[in-house]
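The next block holds one structure in the form of structure tokens; read it before the comments.
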Amino acid sequence: MLSLIPTNAADLKDVIRMEHHPDNKEFIIPYSLSQHQQALESEDEAHLKLTTEEGSTIGFVLLAGLNNPNQSVEFRRIVVALKGMGYGRQAVALVKEHCFEHLLCHRLWLDVFEDNGRARQLYKSEGFIEEGTMRECIKQDGIYRNLVFMSMLQREYLRPARH
Ligand SMILES: CC(C)(COP(=O)(O)OP(=O)(O)OC[C@H]1O[C@@H](n2cnc3c(N)ncnc32)[C@H](O)[C@@H]1OP(=O)(O)O)[C@@H](O)C(=O)NCCC(=O)NCCS
966 MLSLIPTNAA DLKDVIRMEH HPDNKEFIIP YSLSQHQQAL ESEDEAHLKL
1016 TTEEGSTIGF VLLAGLNNPN QSVEFRRIVV ALKGMGYGRQ AVALVKEHCF
1066 EHLLCHRLWL DVFEDNGRAR QLYKSEGFIE EGTMRECIKQ DGIYRNLVFM
1116 SMLQREYLRP ARH
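Put into structure tokens, the structure is as follows:
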């Protein structure tokens, strides 16, 4: 069982190490230390770490737009260091619970690189709906990449469609 608890300043070294790991870096746009510090301090953002029952930090999550007047919260980032063990799925379930049951948001949305098959499959199987593609909107190392937008509404969380 994982927990989602506030990150503190002492955790940021590990957070940055996870972001820059070759298994993660290509799928996210890493923050600088000062961007992470701002996220810790901002009332509009949540910086949360994923910890095991034994107390190890195995990843983190960033949320943004907590004060959005449309109650539309951005699931800005998730990184799980220990992959393929079900932690990502547990983490996404915790994020949905936090956003829809505690923050009472109406909409939870995210963008994901089109070539990030693992994350897209995870989000889809957790009930996120694809909304469209922003074509070639990110330029990295001279290459343009597509972003896919996905979202879930509170009513879809509360009453998931039966397949
Ligand atoms: C994406 C990420 C959060 C998923 O976490 P994880 O712990 O590896 O995922 P899980 O073990 O919970 O697996 C979740 C699902 O992913 C899918 N999956 C796993 N490995 C996969 C692969 N290599 N290719 C495609 N799908 C895969 C499976 O559908 C799996 O579901 P299952 O329960 O049916 O097996 C994690 O791999 C990560 O941090 N990746 C790098 C950063 C990143 O991409 N973040 C998201 C940016 S939008």
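First residue of the sequence shown: 966, per my numbering; consecutive thereafter. Glycine is no exception: its CB is placed at the ideal position from the N, C-alpha and C atoms.
Rounded C-alpha distance that separates residue i from residue j
i	j	result
L1075	E1010	14 Å
R1054	D1106	30 Å
E1066	G1049	27 Å
C1064	L1028	9 Å
Q1138	D1080	Only positions 966 to 1128 of the chain appear in this structure, which leaves residue 1138 out of reach.
I970	K1014	5 Å
S997	I981	8 Å
G1024	E1091	18 Å
A1056	G1097	24 Å
P995	H985	7 Å
N973	D979	11 Å
M1115	Q1086	11 Å
A1058	C1102	29 Å
K1104	E1019	40 Å
K990	T1017	23 Å
L1112	M983	22 Å
V1026	M1117	17 Å
S1021	Y1052	13 Å
L967	V1044	14 Å
K1089	R1110	20 Å
Residue closest to residue i, alpha-carbon to alpha-carbon, out of the options
i	options	result
E1095	C1102, H985, A1084, S997	A1084
N1033	E984, E1008, G1051, S1021	E1008
P987	A1046, V1026, D976, F1025	A1046
L1031	V1044, F992, L1005	L1005
R1141	R1120, V1077, E1121	Because the chain spans 966 through 1128 in this model, residue 1141 falls outside it and cannot be assessed.
Q1119	F1093, K1089, A975	F1093
D976	L967, H1001, E1062, K1061	H1001
E1121	E1019, K1061, M966	K1061
F992	T1022, R1042, H1012	R1042
Notebook entry, point to check: At which residue ranges does the segment 1039 to 1101 contain complete beta strand (DSSP E) runs of 3 or more residues, listed in the order of the chain?
Noted result: As far as the segment 1039 to 1101 is concerned, its whole beta strand (DSSP E) runs of at least 3 residues are 1072 to 1078.
Check: Is there contact here, the segment 1070 to 1080 with the segment 1035 to 1047, by at least three beta-carbon pairs under 8 Å?
Finding: Contact between the segment 1070 to 1080 and the segment 1035 to 1047 is present, because at least three Cβ pairs lie under 8 Å.
Margin query: To test your reading of the DSSP string, which unbroken alpha helix (DSSP H) runs of 4 or more residues are found completely within the segment 990 to 1032?
Written below: Complete alpha helix (DSSP H) runs here, min 4: 998 to 1006.
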